[in-house]
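Chemist:
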Amino acid sequence: MSSDDGWRYDPSRTFRGRMQRGLGVAVHRARVDPDAPDVVYECLRRDYRWDWQVDDRLVYLARLVRDLRLDLTPLIDQLRASGPNDDNQFDLAMGVLEALGRAGNDEARSTLRAYVKDGVRWIEVLRAVADEWPSDWWDDLWELAAARLSPADADEIFADSAPWSSWAGRDARLDAACDAVRRRVADARANRLCFSHTATSDLIAKLLSRSVDRSVKIPVLAELRRRDPDPHLLEVAARVRDLDLPFLGGALRRLGAVAVPAAREWAADPEHPLCWTGQRILAGYGDADDVPALFTALDQLEAEPGWCGFDDITSGLTRLLDAEPGPGRDRLARTLNRLLRSSPHSYERASYLTSLLILDPEETTRLLPVCLLDCEPGVRLIAAQHAPLTDDTVKWLTELAGDPMEEDGVRDAAAARLTSR
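Residues 16 to 436 in this note's numbering are what the sequence shown spells out, letter by letter.
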């Protein structure tokens, strides 16, 4: 989300608010609303994703640009004008142009190729197109890359990934840069603490020791997460208030049902350092007795300004209330319906939709056709698999099945659904 603290999302019932959230219903309206281009350009100028790392908008916006036949000039200007601290305007412009280029837009493709020649963040563009485009669309850029590379670029090169790995042996400058990166990575690994041969009991002892520095405990926990869960971690959790233990929650969640009794204690105390960990464990492994605690967790999330974590809690409640008709189930369905429409954290939307298909399948199924236009591939996949085959559904499935921008899984599901008619 943007660093502009004074900014707020438009209400989710409005056209602008729906497009900011990447909802399919906004696309449906945009195709017939003469004011839609202005709203799309607003969403191109500002990255409205709640979490830039996981929320998806690039293909969603690229499709709107393509379908509304919008001028790319503002987006190209944005790409060129963006610097390193730009509230993600560069990544947004680059990602939309990459998707358009992938779908055959010659202007988008030539823009990104030209940026590699003289753009400031050219390595990021090169990496993006190499990840997504056929190699013959970018392979000839190796001479430009060799001429532009400098020692300052070393941190941005992934030597064993495209395009660099594809260009091995073509130019001494490229090979030297990649070799330098590999040496630096090898040196870092050689100097990194390694506990792969240390007994689990000894690793847990290190976590319990106050004399062991935090910088050591981090790789210890990383090693424990690679191993089978050990119930002795609960001894560590019992002393969490006294010990400096980063990332302990991830290791504890892997204990599963074994951790439920302790998790109930953590979840009951909002001030406990492991309260959220306990709530997530109860969501995954608790029983009907834990429903009140999970509704309390839901209330706590509602009281906070963020949008993350609802998926874990609502999935757990869905698991526990699936066979329990009553006010709890109805309350959960209402909460999920509201989150489905109002949360800007679109990454969690597929989870909400999955839960609603369990709790209220008849009403939720009616929503699925327009979900084919959603920003999240997970939502589109669910809709492609389960949407009733209305005229709109068939039309939108046909669009997805033939769209080069679409993810393979969604495209395959759409094609399979059309074939099964």
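By construction, the Cβ of each residue, glycine as well, lies at the ideal position given by its N, Cα and C atoms.
Is the stretch 171-185 close to the stretch 204-222, with three or more CB pairs under 8 Å?
Modeler: no
Chemist: Less than 8 Å between CB atoms is the rule here; does A41 satisfy it with respect to chain B?
Modeler: Chain labels in this structure do not include chain B; a single protein chain is all it has.
Chemist: Taking the alpha helix (DSSP H) that A282 belongs to, which residues open and close that run?
Modeler: Working through the sequence shown from its first residue, we reach residue 282 at position 267. Element bounds for A282: V275 to A283.
Chemist: Would you mind stating whether S361 and R142 have Cβ atoms separated by less than 8 Å?
Modeler: Taking the sequence shown and counting its residues from 1, one reaches residue 361 at position 346. Taking the sequence shown and counting its residues from 1, one reaches residue 142 at position 127. Contact: no.
Chemist: Taking the alpha-carbon positions, what's the R117 to F30 distance?
Modeler: Mapped onto the sequence shown, residue 117 falls at position 102. Mapped onto the sequence shown, residue 30 falls at position 15. Taking the straight line from one Cα to the other gives about 28 Å.
Chemist: If you draw a straight line from the C-alpha of L433 to the C-alpha of P166, how long is it?
Modeler: One-based indexing of the sequence shown puts residue 433 at position 418. One-based indexing of the sequence shown puts residue 166 at position 151. Cα to Cα, the separation comes out at about 52 Å.
Chemist: In terms of residues, what are the limits of the alpha helix (DSSP H) holding T88?
Modeler: In the sequence shown, residue 88 corresponds to position 73, counting from 1. Counting along the chain, the alpha helix (DSSP H) containing T88 begins and ends at T88 to A96.
Chemist: Using three-state DSSP, classify E319 as helix, strand or coil.
Modeler: Taking the first residue of the sequence shown as 1, we reach residue 319 at position 304. Three-state DSSP puts E319 in coil, outside helix and strand.
Chemist: Are the beta-carbon atoms of L94 and A108 separated by less than 8 Å?
Modeler: If you number the sequence shown from 1, residue 94 lands on position 79. If you number the sequence shown from 1, residue 108 lands on position 93. Closer than 8 Å, so yes.
Chemist: Hey, how far is the Cα of P52 from the Cα of R60?
Modeler: On the sequence shown, residue 52 is found 37 positions in, with the first residue counted as 1. On the sequence shown, residue 60 is found 45 positions in, with the first residue counted as 1. Straight-line spacing of the CA atoms in P52 and R60 works out to 12 Å.
Chemist: Alpha carbon to alpha carbon, how far is W291 from R269?
Modeler: Sequence index remark: in the sequence shown, residue 291 carries index 276 (1-based). Sequence index remark: in the sequence shown, residue 269 carries index 254 (1-based). Cα-Cα distance, rounded: 14 Å.
Chemist: CB A365 to CB G393, shorter than 8 Å?
Modeler: As a working mapping, residue 365 is identified with position 350 in the sequence shown. As a working mapping, residue 393 is identified with position 378 in the sequence shown. Yes; because the gap between Cβ atoms is below 8 Å, this pair is in contact.
Chemist: Would DSSP call D418 helix, strand or coil?
Modeler: Mapped onto the sequence shown, residue 418 falls at position 403. D418: coil per DSSP, three-state reduction.
Chemist: Let me check understanding here. Comparing Cα to Cα, which of R349, A429 and H287 lies closest to F310?
Modeler: Here residue 310 refers to the residue found at position 295 when the sequence shown is read from its first residue. Residue R349 is the option with its Cα nearest to F310.
Chemist: By the DSSP assignment, the alpha helix (DSSP H) with G424 in it spans what residues?
Modeler: Start at 1 with the first residue of the sequence shown, and residue 424 comes out as number 409. Here the alpha helix (DSSP H) through G424 covers D423 to T434.
Chemist: Report all residues from its chain with a CB closer than 8 Å to the CB of T379; omit the five preceding and five following residues, and keep chain order.
Modeler: Residue numbering aside, residue 379 sits at position 364 when the sequence shown is read from its first letter. Cβ-Cβ distances below 8 Å link T379 to L368, L371 and L372 in the same chain, with the five nearest sequence neighbours on each side left out; the list follows chain order.
Chemist: In whole angstroms, give me the CA-to-CA distance for C386 and R395.
Modeler: What you label residue 386 is simply residue 371 of the sequence shown in a count that begins at 1. What you label residue 395 is simply residue 380 of the sequence shown in a count that begins at 1. Going from the Cα of C386 to the Cα of R395 covers about 6 Å.
Chemist: Let's test the definition: count the other Cβ atoms within 10 Å of the Cβ of R436 and tell me whether it reaches 16, buried, or not, exposed.
Modeler: Counting from one through the sequence shown, the residue named residue 436 turns up at place 421. It is exposed - the Cβ of R436 has fewer than 16 other Cβ atoms within 10 Å.
Chemist: Residues in the same chain with beta-carbon distance under 6 Å from K221, minus the five sequence neighbours each way, listed in chain order, please.
Modeler: The sequence position of residue 221 within the sequence shown is 206, counting from 1. So the qualifying residues of the chain are V227 and V235.
Chemist: Assign L173 to one of three DSSP states: helix, strand, or coil.
Modeler: Residue numbering aside, residue 173 sits at position 158 when the sequence shown is read from its first letter. First, the residue type needs correcting, since residue 173 is Phe and not Leu in the sequence shown. F173 falls in the coil class under three-state DSSP.
Chemist: What is the residue span of the alpha helix (DSSP H) that Q104 lies within?
Modeler: As a first step, residue 104 is located in the sequence shown; it is residue number 89 there, counting from the start. Counting along the chain, the alpha helix (DSSP H) containing Q104 begins and ends at Q104 to R117.
Chemist: CB-CB under 6 Å to D62, same chain, minus the five flanking residues each way: which ones, in chain order?
Modeler: Counting from one through the sequence shown, the residue named residue 62 turns up at place 47. Taken in chain order, the residues that qualify are N103 and L107.
Chemist: Find out if the Cβ-Cβ distance for the pair V144, W137 is shorter than 8 Å.
Modeler: On the sequence shown, residue 144 is found 129 positions in, with the first residue counted as 1. On the sequence shown, residue 137 is found 122 positions in, with the first residue counted as 1. No, they are not a contact pair.
Chemist: Do you know offhand how far L383's Cα is from A398's?
Modeler: Taking the sequence shown and counting its residues from 1, the one referred to as residue 383 is at position 368. Taking the sequence shown and counting its residues from 1, the one referred to as residue 398 is at position 383. If I take the Cα positions, the gap works out to 5 Å.
Chemist: Is the CB-CB distance between L8 and D305 below 8 Å?
Modeler: Since the first and last residues shown for the chain are 16 and 436, residue 8 lies out of range.
Chemist: Go through the stretch 354-397 residue by residue and report every complete run of the alpha helix (DSSP H) that reaches 4 residues or more, in order.
Modeler: 364-374 and 376-386
Chemist: Does A437 come out as helix, strand or coil in the three-state DSSP assignment?
Modeler: In the structure as shown, the chain begins at 16 and stops at 436. Residue 437 is therefore absent and cannot be evaluated.
Chemist: My guess is that S357 and S27 are in contact by the Cβ rule of under 8 Å, so how many angstroms apart are they, rounded?
Modeler: Indexing the sequence shown from 1 puts residue 357 at position 342. Indexing the sequence shown from 1 puts residue 27 at position 12. Going by Cβ atoms, the distance from S357 to S27 rounds to 4 Å, so yes, they are a contact pair.
Chemist: Alpha carbon to alpha carbon, how far is D101 from A114? Give it in angstroms, no decimals.
Modeler: Taking the sequence shown and counting its residues from 1, one reaches residue 114 at position 99. Taking the sequence shown and counting its residues from 1, one reaches residue 101 at position 86. Answer to the nearest angstrom: the Cα atoms are 21 Å apart.
Chemist: Excluding five sequence neighbours on each side, which residues of the same chain lie with their C-beta closer than 6 Å to the C-beta of R124?
Modeler: Indexing the sequence shown from 1 puts residue 124 at position 109. For R124, where only same-chain residues beyond five positions count, the Cβ hits under 6 Å are G116.
Chemist: Using the three-state DSSP reduction, which class does V54 fall into: helix, strand or coil?
Modeler: Position 39 of the sequence shown holds residue 54. Correct three-state label for V54: helix.
Chemist: What span of residues does the alpha helix (DSSP H) with P234 cover, start to end?
Modeler: In the sequence shown, residue 234 corresponds to position 219, counting from 1. R229 to R240 is the extent of the alpha helix (DSSP H) around P234.
Chemist: Rounded to whole angstroms, what is the Cα-Cα separation between D416 and E422?
Modeler: Taking the sequence shown and counting its residues from 1, one reaches residue 416 at position 401. Taking the sequence shown and counting its residues from 1, one reaches residue 422 at position 407. The sequence given here places Ala at residue 416; Asp does not occur at that position. Going from the Cα of A416 to the Cα of E422 covers about 10 Å.
Chemist: Considering only the alpha carbon of each residue, which of G184, L351, L388 and E250 lies closest to L73?
Modeler: Along the sequence shown, one-based indexing puts residue 73 at 58. The residue with the shortest Cα to Cα distance from L73 is L388.
Chemist: When burial is assigned at 16 or more other CB atoms within 10 Å of the CB, is W65 buried or exposed?
Modeler: In the sequence shown, residue 65 corresponds to position 50, counting from 1. Only buried fits W65, as 16 or more other CB atoms lie within 10 angstroms of its CB.
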